[in-house]
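Residue numbers (UniProt numbering): 1 to 80. Think of the CB as a built atom: it goes at the ideal place given N, C-alpha and C, for glycine as much as any other residue. As structure tokens, the structure follows; a few thoughts come after it.
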């Protein structure tokens with residue numbers, strides 16, 4: 001997946017989205033794949049008893065196609 005840091009257009013879309021902020025505190029990576037926006041958000045508070053450090057969201061329009069929490073950045077994914 002070709003991850004990149006959020007650009008101004010991404011930041012505008014994220015800021016205008018009423019529900020995306022619930023999933024994390026900061027967007028650390030975004031990608032586009034097959035017409036869907038892939039977003040990784042990081043949480044300030046994570047680990048037991050809090051949720052995992054990261055959340056991956058796959059979004060098309062206003063539809064969430066997938067959401068998955070994870071603790072460690074996968075080795076196969078290059079950090080942006």
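Exercise for review: Scan the segment 4-34 and note each continuous alpha helix (DSSP H) run of 4 residues or more that stays entirely inside, going in chain order.
Suggested key: 8-16
**Study point:** Distance CB(residue 53)-CB(residue 68) smaller than 7 Å
**Key:** no
Check your understanding: Which whole-angstrom value describes the C-beta separation of residue 75 and residue 59, a residue pair presumed to lie in contact below a C-beta threshold of 8 Å?
Key -> Rounded, the Cβ-Cβ distance is 25 Å, inconsistent with contact.
Review point. Looking at C-alpha atoms only, which residue of 49, 15, 8, 30 is the closest neighbour of residue 56?
Key: 30
Point to revise | Enclosing beta strand (DSSP E) for residue 67 [first to last residue] | key: 63-70
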